[in-house]
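Participant: Chains as they are written, first to last, in the numbering used here: chain A, 6 to 153; chain B, 38 to 179. Just so you know, even glycine gets a beta-carbon here, dropped at the ideal spot from N, CA and C.
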């Protein structure tokens, strides 16, 4: 019985050694690493639309992030009050004050052509829509943005 | 002694990979330099100026952008030229080494090579400001 126990332990040791040797042999070899170009987080340019409601005397703004230098276009494409003119602007987003610091603006109605277009460097920006004093009831709108 | 032999063998084998297996060439890795973006904002009146000091931690490029000018009362955009400068703090001012008259934009108007140290960006009215004007200058640097 004692002899069988010793034999069993020896077998376990051999098995463990064999497994270790197998692991070591697989670990050895050509360890050179192939570098790959970083995968972009997203493609560029981005085309996106967002819908919201603008209240009388109110404003709405949305953030976007440009990952490289390129052209930004903003289109107030639809509203449910087509004759109403509103203000739309593009600017810098200040992370500290969380405000939209306007660079360009236009007073406009909805249309299919971009009402605003500008070149930007990589960074955080915003597009803002505001009531110029003509809204009597909340207005549903869609803005289409293209940015690098 | 025979009972200790497997343990000794396993310990020895476990140490082998630490000695290396030969061709352990490590491919160089490249990491994009870290950049900081700060926004200097405030209000200027006619003939006014202001500056903002910032700390650069490593060599690279500093980009200065006059990004926004608006009427401080109405919030409406003002498209006019201001003097935008880059330099080093001197006493209670900013000793500019580069100055340009620029209109607001969202691409850098001043790009300059820097090493580690403290620098400043300056904005000044060149006679175009008629009332309280809010401004925002973006400073991106290493």
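Below 8 Å CB to CB, which residues in the same chain sit around residue 142 of chain B once its five sequence neighbours on both sides are set aside?
Facilitator: Within the same chain, residue 142 of chain B has close Cβ partners 102, 103, 104.
Participant: If we require 3 or more residues per run, which beta strand (DSSP E) segments fall completely within the segment 68–95 of chain B?
Facilitator: As far as the segment 68–95 of chain B is concerned, its whole beta strand (DSSP E) runs of at least 3 residues are 73–81, 86–93.
Participant: Once you ignore the five residues that flank residue 117 of chain A on each side, which residues in its own chain have a CB closer than 8 Å to its CB?
Facilitator: If we look at residue 117 of chain A and ignore the five residues flanking it on each side, its Cβ neighbours are 80, 82.
Participant: Beta-carbon within less than 8 Å of residue 113 of chain B's beta-carbon, same chain only, minus the 5 sequence neighbours each way: which residues are those?
Facilitator: Hits under 8 Å: 107.
Participant: Once you ignore the five residues that flank residue 131 of chain A on each side, which residues in its own chain have a CB closer than 6 Å to its CB?
Facilitator: These residues qualify, in order along the chain: 66, 68, 96, 98, 105.
Participant: Using only CA atoms, which one of B:76, B:135, B:110, B:140 lies nearest to residue 148 of chain B?
Facilitator: Selected option, being the one with the closest Cα: B:135.
Participant: Along the beta strand (DSSP E) that carries residue 128 of chain B, what are the first and last residues, could you check?
Facilitator: Taken as a continuous stretch (DSSP letters only), residue 128 of chain B belongs to no beta strand (DSSP E), as it is neither H nor E.
Participant: Would residue 100 of chain B and residue 145 of chain B be called neighbours here (beta carbons separated by less than 8 Å)?
Facilitator: Yes. Within cutoff.
Participant: Using a Cβ-Cβ cutoff of less than 8 Å, which residues in the same chain neighbour residue 72 of chain B once the five nearest sequence positions on both sides are dropped?
Facilitator: So the qualifying residues of the chain are 97, 177, 178, 179.
Participant: Taking only beta-carbon positions, decide if residue 125 of chain A is within less than 8 Å of chain B.
Facilitator: Closer than 8 Å: yes.
Participant: Does the beta carbon of residue 152 of chain A come closer than 8 Å to any beta carbon on chain B?
Facilitator: With 8 Å as the cut-off, residue 152 of chain A does not count as an interface residue toward chain B.
Participant: For the ligand GTP, any of its heavy atoms closer than 7 Å to the Cβ of residue 120 of chain B?
Facilitator: Here there are no bound small molecules, and the ligand GTP is not part of this structure.
Participant: Quick one: is residue 129 of chain B buried, meaning 16 or more other Cβ sit within 10 Å of its Cβ, or exposed?
Facilitator: The residue in question, residue 129 of chain B, is exposed, as its Cβ has fewer than 16 Cβ neighbours within 10 Å.
Participant: So, with DSSP's three-state summary, where would you put residue 133 of chain A?
Facilitator: Residue 133 of chain A falls in the strand class under three-state DSSP.
Participant: Buried or exposed: where does residue 108 of chain A fall if 16 or more other Cβ atoms within 10 Å of its Cβ makes it buried?
Facilitator: Label assigned to residue 108 of chain A: buried.
Participant: Drop a sphere of 10 angstroms on the beta-carbon of residue 110 of chain A, count the other beta-carbons inside from all chains shown, and report buried for 16 or more, exposed for fewer.
Facilitator: Residue 110 of chain A comes out buried.
Participant: Can you list the residues of chain A that residue 143 of chain B reaches, using a CB-CB cut of under 9 Å?
Facilitator: The contacting residues are 71, 77, 95, 96, 97, 108, 109, 123, 124, 125, 126, 128, 130.
Participant: Compute the beta-carbon to beta-carbon distance between residue 172 of chain B and residue 79 of chain B, rounded to the nearest angstrom, for a pair I have assumed lies under 8 Å.
Facilitator: Correct: roughly 6 Å between the Cβ atoms.
Participant: Going by Cα to Cα distance, which pick from B:124, B:86, B:139, B:152 is closest to residue 95 of chain B?
Facilitator: Comparing Cα positions, the closest option is B:152.
Participant: Kindly indicate which three-state DSSP category residue 139 of chain A falls into: helix, strand or coil?
Facilitator: Residue 139 of chain A falls in the coil class under three-state DSSP.
Participant: Please give the ranges of any beta strand (DSSP E) in the segment 148–178 of chain B, keeping only runs that are unbroken, at least 3 residues long and fully inside the region.
Facilitator: DSSP runs (the beta strand (DSSP E)) wholly in the segment 148–178 of chain B: 154–162, 170–178.
Participant: Run through DSSP, which three-state label would residue 72 of chain A get?
Facilitator: In the structure shown, residue 72 of chain A sits in coil (DSSP, three-state: anything other than H, G, I, E or B).
Participant: Residues in the same chain with beta-carbon distance under 6 Å from residue 62 of chain A, minus the five sequence neighbours each way, listed in chain order, please.
Facilitator: Same-chain partners within the cutoff: 136.
Participant: Within the continuous beta strand (DSSP E) that includes residue 106 of chain A, where are the two ends?
Facilitator: Unbroken beta strand (DSSP E) run through residue 106 of chain A: 104–113.
Participant: Anything in chain B within Cβ reach of residue 162 of chain A, meaning under 7 Å, just list it in chain order.
Facilitator: Because chain A spans 6 through 153 in this model, residue 162 of chain A falls outside it and cannot be assessed.
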